[in-house]
Amino acid sequence: MAIRLNEADADSRPSQLSRLGSVMTNGAAVVGLIGGAVCVFSAIWALYGRMDGEFVNITDSWQFLVSYLGSERLAYAFIWDICLYTVFQPWFIGENLQNVEKSKVGVVSYLRFIPVVGLVAYLLFLNLEEDQ
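Just remember that the working numbering sits 3 ahead of the position in the sequence shown, which is counted from 1.
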């Protein structure tokens, strides 16, 4: 979802997508659904799951998270990545709303502010027609 900062030349024709680019574009809805399902499962596991197969309450999970963030630099950096993703997702999706189905632009423009949910909505409602 790179942002195009300049207008395309009127006389230039868009290049054909590679096979990989075509698969990624045509499979955007599948990627969105799988990514959304993985995020939901991860959130549930983070709140209730444990490595030994048992389940814990939310307060125990919260205490572990706070102690883990205080002791692991990598986890702390990952939190910053999440914050940056939360800031930039609305911007990237907002700049690419012209690629969304016309009837779904309103929904995607609101959901883009919710991390992951906005990306899933964007991928599900991506306009795959060639004549955009």
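Note that beta-carbon positions come from the ideal geometry of N, C-alpha and C, so glycine has one too.
No experiment lies behind these values; they were computed from the predicted model shown.
- Partner residues in a beta bridge of F91, as assigned by DSSP, do not exist.
- Taking a contact as a CB-CB distance under 8 Å, the pair F128 and V111 counts as one, their CB atoms being some 6 Å apart.
- For V103, the secondary structure class from DSSP, reduced to helix, strand or coil, is strand.
- For L129, the beta-bridge partners assigned by DSSP are V103.
- Contact between V119 and G39 holds, with the beta-carbon distance rounding to 7 Å and staying under 8 Å.
- In the same chain as K107, and ignoring 5 residues on each side of it, the C-beta atoms closer than 7 Å to its own belong to F128, in chain order.
- A distance below 7 Å between beta-carbons, with the five flanking residues on each side excluded, links F116 to the following residues of its chain, in chain order: P93.
- Counting of Cβ neighbours within 10 angstroms places G121 among the buried residues, the total reaching 16 or more.
- A straight line joining the alpha-carbon of S21 with that of L131 spans about 15 Å.
- Per DSSP, R22 is one residue of the alpha helix (DSSP H) stretching across R22 to N29.
- A distance below 7 Å separates the beta carbons of L50 and I61.
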